[in-house]
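Following: one structure in structure tokens, then a few remarks.
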DNA sequence: TTAGTTGTTAGAGCGTACTCTAAGTCAAGC
DNA sequence: GCTTGACTTAGAGTACGCTCTAACAACTAA
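Encoded structure:
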């Protein structure tokens, strides 16, 4: 028996809103999901795996356009053309690595500023002590 | 002699657009900049240092609201209350560190997928060789 | 039977951070 | 004097990624 989850359950499981799940389906990020007899969506395990991977891409800042391109490749050539998909992911990995690098460099400057404030505080205290 | 730069020059130097520079001034991120006799902005070196630090905050993803709060503190208490500013930066540093952590974790999953595609490609090639 | 819950759709609205437009000013060069 | 170009302003427009609304459908429990 395969578990078929409702949109609410998937929203909880993936930390995406039901709005977002429907939105992603509308714009082709998620292939049309199966339906129960009443027309309600029922997500399969493979739907959920796909959504979870999408979410990884999203959380690394991949724009929706690029996720759409990736989704298109997967659907168009399910069992071949890994190269193109791999290339897309590798380009993204490179971009994210560079972003992490940038974040670390900029964070170092913020750290420097925090240290600067610590020094100023220390001097202020010293001054107060001398005048006590 | 202090160098006083035009908005164009500052845009080049900081990699922000002239629109953005004016926008930042409008919304209080940058204190009103000095003017030439013709009303054109002239940025001082300390203006530029401030803009460059703002840019660091921006590039680490600090929202404009928070930068406004920081700017307000700096202008309100220029020579005291370092504690509050320091706290703001420390909170931000924590948030950015966690974001970097998250990015690295999610990137690891992307890496795993890339590796997966490499393996599939290798199998595909092997198969083709056997049938050659 | 009726109220309540959970879903459906198309399409409108929103928050963020810019980005651009329109109309005008000012100084320099022809 | 006139054009050109760099600037000014207030305010409108844009791109992105959701987020919500309105109107309706289907099922359940009282």
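Protein chains in written order, with our numbering: chain A, 1244 to 1375; chain B, 1244 to 1375. The C-beta atom is built at its ideal place from N, Cα and C for all residues, glycine as well.
C-beta contact flag for residue i and residue j at 8 Å
{"i": "residue 1250 of chain A", "j": "residue 1292 of chain A", "result": "no"}
{"i": "residue 1360 of chain A", "j": "residue 1329 of chain B", "result": "yes"}
{"i": "residue 1303 of chain A", "j": "residue 1339 of chain B", "result": "no"}
{"i": "residue 1268 of chain A", "j": "residue 1276 of chain A", "result": "yes"}
{"i": "residue 1336 of chain B", "j": "residue 1357 of chain A", "result": "yes"}
{"i": "residue 1347 of chain A", "j": "residue 1343 of chain B", "result": "yes"}
{"i": "residue 1341 of chain B", "j": "residue 1325 of chain A", "result": "no"}
Cβ-Cβ separation, residue j to residue i (assumed contact under 8 Å), whole Å
{"i": "residue 1263 of chain B", "j": "residue 1295 of chain B", "result": "No, residue 1263 of chain B and residue 1295 of chain B are not in contact; Cβ-Cβ is about 13 Å, not under 8 Å."}
{"i": "residue 1332 of chain B", "j": "residue 1312 of chain B", "result": "So it is not a contact: roughly 11 Å between Cβ atoms."}
{"i": "residue 1297 of chain B", "j": "residue 1316 of chain B", "result": "Going by Cβ atoms, the distance from residue 1297 of chain B to residue 1316 of chain B rounds to 13 Å, so no, they are not a contact pair."}
{"i": "residue 1247 of chain A", "j": "residue 1287 of chain A", "result": "6 Å"}
{"i": "residue 1318 of chain B", "j": "residue 1274 of chain B", "result": "6 Å"}
{"i": "residue 1362 of chain A", "j": "residue 1299 of chain B", "result": "Not a contact, Cβ separation roughly 19 Å."}
Three-state secondary structure (DSSP) of residue i
{"i": "residue 1248 of chain B", "result": "strand"}
{"i": "residue 1322 of chain B", "result": "coil"}
{"i": "residue 1260 of chain B", "result": "coil"}
{"i": "residue 1363 of chain B", "result": "helix"}
{"i": "residue 1272 of chain A", "result": "coil"}
{"i": "residue 1305 of chain B", "result": "coil"}
Residue(s) in a DSSP beta bridge with residue i
{"i": "residue 1285 of chain A", "result": "A:1277"}
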